[in-house]
Amino acid sequence: MRFLAALTQEGKWWVARCLDVEVTSQGQTIEEALANLKEALELYFEDSPSPTGPAPMIASLGVSLPTLENQP
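Each residue of the sequence shown is one higher than the one before, starting from 414 at the first, in the working numbering.
Encoded structure:
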């Protein structure tokens, strides 16, 4: 099966989150984070059934954030 992953950098670590199921891992490089996520997903599905529903819909969302000038 194929899954979608979102990668973010948090300090010196890359965090890889699966967008299809709630599984997350990390690594010091993007490649390591993805390899660790793959292993975590394989372990997750050893005890859980494979997903059978439709794939999630991915959407981009814009949010207005307060600026530092408006902070007390």
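For glycine and all other residues, C-beta sits at the position ideal for the given N, C-alpha and C.
Asked	Found
For the putative contact between V434 and A446, defined by C-beta atoms under 8 Å, what is the C-beta separation to the nearest angstrom?	With 8 Å as the limit, V434 and A446 do not qualify as a contact, their Cβ atoms being about 16 Å apart.
Alpha carbon to alpha carbon, how far is A453 from L474?	28 Å
According to DSSP, is L454 helix, strand or coil?	helix
Among V436, S463, I443, Y457, which residue has its Cα nearest to the Cα of E423?	I443
Report the CB separation of S438 from N449 in whole angstroms; it is logged as a contact under 8 Å.	4 Å
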